[in-house]
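In the working numbering, the protein residues as written are 260 to 647. Okay, so here's the structure we're looking at.
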Ligand SMILES: Cc1ncc(COP(=O)(O)O)c(C=O)c1O
């Protein structure tokens, strides 16, 4: 049965990409694979906006996060974790398991990281090796000011490591210009590929830390990936099928244009926020990102909303995690999710809210979303006429 995947990962996979996943397997130590790999890592550099190498790991996003901890640090090191949600907390979980001391510069879930707090903590603790934070915190829908944080951290000896797992592709992110020393992402969000691949890039400043890192590692030892990168290979059996489908998704992304994708996500986010407000619901995030929109729901009915959407309409959206379970709902608008998908999602949400006894006016959210789309399309038409 047809379903509507409006979850913030995995996101829908375009047919062109899915077809590549269905092709017969071939061997990874071949010139055929090397050519695909070479092309893919070049395109990844374009997406990450970096001149540095981007390494591909056969792991979900958390694998790249772990790689960014175990290759840069040693037991007893001190780091800052600036967290504003569930995925920010993951940095702390990984680091503490490795015997790293974490100073938390965290904010309440729903709020954005305060760059000045990082600055203050770095001044007070000059031995801090690294600052770990999140670009778009998928669990709350918040975006953090990585550019400002980069300006602050780059003036110190510390490196800045950013989880850009959900934000990259959908929202403007510039690894080098924003002075990010390590950025990680994964396949199942803006990249529109099945889960299973993650990516990591490191600056020269970060590579200096790799030289002294004493945390034990094997599969995620980044120096192995670097050695094989030169040969257009990965150190272990490559996820051939996923990398082949990634090549196709990168082709589609480039064809559309990264800046056009950023604009599209911006519009979808604006429309989703208008839809939420039209329903009388409140946005959950202080500074909303452009890849996922979160809203508070009354009476902790979030899980009920999600279950009903799924069971009655085959519409899948995200819910609250941890302490937010039941309290928020999250609509994704990244990757292969378009205007019509959002309209379907909100139309079904309206029906579900009515069924659950919430007093809303039928069609209001959909009308608000249409309004945003029509306005933007009218502006584009106007612009085209002027250009002609
Ligand atoms: C911002 C962020 N960080 C980390 C993760 C974890 O990634 P994975 O589930 O691929 O390991 C996710 C996935 O939802 C995410 O959105």
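Backbone N, C-alpha and C fix where the C-beta goes; we use that ideal spot for every residue, glycine too.
Item	Value
In angstroms, rounded to a whole number, what distance separates the CA positions of residue 308 and residue 620?	44 angstroms
Near ligand 1, which residues have their beta-carbon less than 7 angstroms from any of its heavy atoms, given in chain order?	267, 268, 319, 320, 321, 322, 324, 346, 349, 393, 395, 396, 397, 422, 424, 425, 445, 447, 448, 454 and 457
Quick one: what's got a C-beta closer than 7 angstroms to residue 505's C-beta in the same chain, skipping five residues either side?	299, 446, 450, 452 and 456
Take the Cβ of residue 296 as the centre, count every other Cβ of all protein chains shown within 10 Å, and call the residue buried at 16 or more, exposed below.	buried
Could you check where the alpha helix (DSSP H) with residue 365 kicks off and where it finishes?	Note, residue 365: premise wrong, no alpha helix (DSSP H); not H, not E.
CB-CB under 6 angstroms to residue 509, same chain, minus the five flanking residues each way: which ones, in chain order?	302
Among all the DSSP beta bridges, which residues are the ones paired with residue 591?	551
CA-CA distance, residue 358 and residue 336?	8 angstroms
Identify, in the order they occur along the chain, each residue of the same chain with its Cβ nearer than 6 angstroms to the Cβ of residue 507, setting aside the five sequence neighbours on each side.	275, 276 and 279
Between 328, 627 and 272, which has its C-alpha nearest residue 440's C-alpha?	328
Per DSSP, which residues does residue 457 bridge with? Please list them.	316 and 445
Nearest-angstrom Cα distance between residue 342 and residue 418?	16 angstroms
Quick check on the DSSP output: what are the complete alpha helix (DSSP H) runs of length 4 or more inside the stretch 469 to 546, in order along the chain?	481 to 488, 499 to 515 and 517 to 537
Opposite residue 575 in the DSSP bridges: which residues?	264
By Cβ distance below 7 angstroms, which residues in the same chain neighbour residue 270 in space, the five residues on each side in sequence not counted?	264, 447, 448, 451, 591, 593, 594, 595 and 596
What are the boundary residues of the beta strand (DSSP E) that residue 419 is part of?	418 to 422
By the DSSP assignment, the beta strand (DSSP E) with residue 596 in it spans what residues?	Counting along the chain, residue 596 falls outside any beta strand (DSSP E), and DSSP gives it neither H nor E.
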